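A short write-up of the structure that comes next.
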């Protein structure tokens, strides 16, 4: 359609859930015959833990489905009973450098990592956080389709994809069964957001309802791209905050700014009671229409590093310090606040401290503490990661340096 100038083919691709922001293959670039205008996607074979251990992955999916429940009462939202946080194992650092490089090539999205680190200082911009406090974030590779938000949420927690759409179904059912609650928040937030940019307009209720029906429909279609409202609902399903670190602007292939992305910021489960939620957040990255899980590597625990607060913990606890400000030290936006919750920066910081375990580092950075523990993590996730890592432990360094070799297990799920 693009080659022939047929826009109907492009619309059909988008309607079926195609991701217009995904990177192109080498064959597609050759077909377009404009190699200077398009980026070729990465060629490295990918090997994430879920690919190596299909049996364990299926068991984990069953665990997730079993831990999904619906709250009784007026706010009948679905929620997960288990708190699980995925981290890369510290044992990676024991591998030979060449094997480490192979592992990172196969589990990380290098393009996303580069865009969030180098093209704009969106993650890992603080030397204090990344080095002294061992809080460097790594972008995990996932499927480049409309399911990437759901995939990245499950990767940041359980380390697997939403292959069976368990999370998507919970998202749709929660939006449908709690439509009044989420609709009110969404409508109020959209009105405020437009006015904050000087856009003073009023929509008829029928127009609001049409837009809301579209948001509901996206949640029900596997492969359909999702929006900010869906992240807000997912924070309620997880019962924990979601922090999105993302590019601020949509850009054309020429680098021209097309508009604001609006994804970056903090999504709090504001419609739950605080006592029902966990304060340990997950982190996602957003680049050019694509979401990625941002995860840390296990570290030696808070006490061995120190920061601007006291925390009683043991060496098994990994604490990752996630910045609540951008590289310019501006507070991240909190999405979907009501008129009563909106306020100045001090009031918003107070709200963040109520919903997250916060502290200020010695360098003056306001951070949220993400806590995880290998010993207390789900045993199936631990087994999956160990089996995946064993494959790299058995690689000889000279093998890792040779080209064209791939593990037999490097297959899509």
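Residue numbers (UniProt numbering): 1 to 413.
Here a beta-carbon is modelled for each residue, glycine too, at the ideal position from N, C-alpha and C.
Please read all numbers here as calculations on a predicted model, not as lab measurements.
Asked                                                                                                               : Found
Per-residue burial, residue 298 [other beta carbons within 10 Å of its own, 16 or more giving buried]               : buried
Opening and closing residue of the beta strand (DSSP E) in which residue 69 lies                                    : 68 to 70
Where residue 16 sits in the DSSP three-state scheme                                                                : Residue placement at residue 16 is flagged as unreliable, the pLDDT there being 46, under the threshold of 50; the coordinate-derived value follows with that caveat. In the structure shown, residue 16 sits in coil (DSSP, three-state: anything other than H, G, I, E or B).
Delimiting residues of the alpha helix (DSSP H) encompassing residue 98                                             : 97 to 107
Residue environment, residue 69, which counts as buried when at least 16 other CB atoms sit within 10 Å             : exposed
DSSP-derived helix/strand/coil call for residue 114                                                                 : helix
Residue 350 versus residue 59 - alpha carbon distance                                                               : 40 Å
Pairwise C-alpha distance: residue 390 and residue 260                                                              : 43 Å
Runs of alpha helix (DSSP H) lying entirely within the stretch 163 to 226, each at least 4 residues, in chain order : 166 to 177, 179 to 196, 205 to 220
Cβ shell of residue 394 (< 8 Å), same chain only, five flanking positions each side left out                        : none
Coil, strand or helix - residue 47 by DSSP                                                                          : coil
At least 3 beta-carbon pairs within less than 8 Å: the stretch 99 to 108 vs the stretch 122 to 136                  : no
Limits of the alpha helix (DSSP H) - the one that residue 378 falls within                                          : Segment: none, residue 378 is in no alpha helix (DSSP H) and carries neither H nor E.
Distance cut-off 7 Å: residue 255 Cβ against heavy atoms of the ligand SAM                                          : As for the ligand SAM, it is missing from this structure, which has no ligand bound.
Residues near residue 186 by beta carbon distance below 6 Å, same chain, minus five either side                     : 229
Distance CB(residue 234)-CB(residue 156) smaller than 8 Å                                                           : no
Cα-Cα separation, residue 183 to residue 210                                                                        : 12 Å
Where residue 65 falls: helix, strand or coil (DSSP)                                                                : helix
Inter-residue Cα distance where the pair is residue 159 and residue 85                                              : 8 Å
Buried/exposed call for residue 214, threshold 16 Cβ in 10 Å                                                        : exposed
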